[in-house]
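Numbering (our numbering), first residue to last: 17 to 225.
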C-alpha cells in the first residue's frame, strides 16, 4: 500500500536555547516541549510549572505567548488538524479507488500518531483529562470530520457497486473504520507506546474493508 509522509513535531526544544529566540520561535518551542513531555509513558498531568522548568523560563514567560494552558493544547490540536486534513484532502482528490482511498486515510492518521506519540495521547483524550472541556469537544469534532471524509469516499464505492443504500453502507463502514482507528490509538497510548498503531495494518484493513 502506498503511504504518505506525515508531519512530526520535533522534540529538539527540550534543550534550552543559548540565544534569544526570534519572534514566534518561543511559541513553537513551548508546543514542542509540551509534546515531548506528553511522550513520556505514564506521564501524569503536565503543569505549567513543570513545563516552564523544562524550558528554563518562568511561568509568566509562558503566559506571554499563551493566555492559558488550554490554549497551548489547542495549539497541539491545530497541528494535528492541519497535518492530517491536508493529507486527507490530497488522498480524496487522487485517482485511487474508493476503498484504497479509505485505507490510505486510515494509514496516514495512524502513521502520524506513531511518529508523534504525545499527539496520540491528545487524540484519545488521555492528555486532556482535567483540562478544559472544549478541548475534548474539539478532538471529538476532529474524529467526526475524519469519519465524514471516510463516508464521502466510501459512498462513491457503494454507488459504483450499485448498492440500493449507498449512504447507509458508507456510514456503517466509516463508523467501523473510525472505531478501529480509535482502538489502535488507545492501545498505543495505554501500552506505553509499545503496541504500534500500524501493527499488521495492511492485513487488518483488508479484513474490515
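Even glycine gets a Cβ: it sits at the ideal position worked out from N, Cα and C. Computed from a predicted model, the values in this text were never measured in an experiment.
Own chain, CB closer than 6 angstroms to residue i, minus 5 neighbours either side, in chain order
| i | result |
| --- | --- |
| residue 70 | 49 |
| residue 104 | 121, 165 |
| residue 195 | none |
| residue 111 | none |
| residue 210 | none |
As assigned by DSSP and simplified to three states, the class of residue i
| i | result |
| --- | --- |
| residue 70 | helix |
| residue 109 | coil |
| residue 210 | coil |
| residue 57 | coil |
| residue 80 | coil |
| residue 179 | coil |
| residue 195 | helix |
| residue 147 | coil |
Straight-line Cα distance separating residue j from residue i
| i | j | result |
| --- | --- | --- |
| residue 92 | residue 143 | 11 angstroms |
| residue 132 | residue 47 | 13 angstroms |
| residue 173 | residue 100 | 22 angstroms |
| residue 158 | residue 203 | 19 angstroms |
| residue 82 | residue 74 | 13 angstroms |
| residue 51 | residue 193 | 26 angstroms |
| residue 57 | residue 65 | 20 angstroms |
| residue 190 | residue 220 | 15 angstroms |
Sequence-distant residues of the same chain with beta carbon closer than 7 angstroms to residue i, five excluded per side
| i | result |
| --- | --- |
| residue 169 | 108, 114, 117, 118 |
| residue 181 | none |
| residue 126 | 197, 200, 213, 214, 217 |
Same chain only: Cβ atoms within 8 angstroms of residue i, ignoring 5 sequence neighbours per side
| i | result |
| --- | --- |
| residue 175 | 182 |
| residue 152 | 141, 144 |
Tell me, please, whether the region 178-189 touches the region 136-151 by the rule of three or more beta-carbon pairs shorter than 8 angstroms.
They do not touch, by the three-pair rule.
Below 8 angstroms, how does it come out for the region 72-92 and the region 156-173: are there three or more Cβ pairs, yes or no?
Judged by Cβ distances under 8 angstroms, the region 72-92 makes no contact with the region 156-173, as fewer than three pairs qualify.
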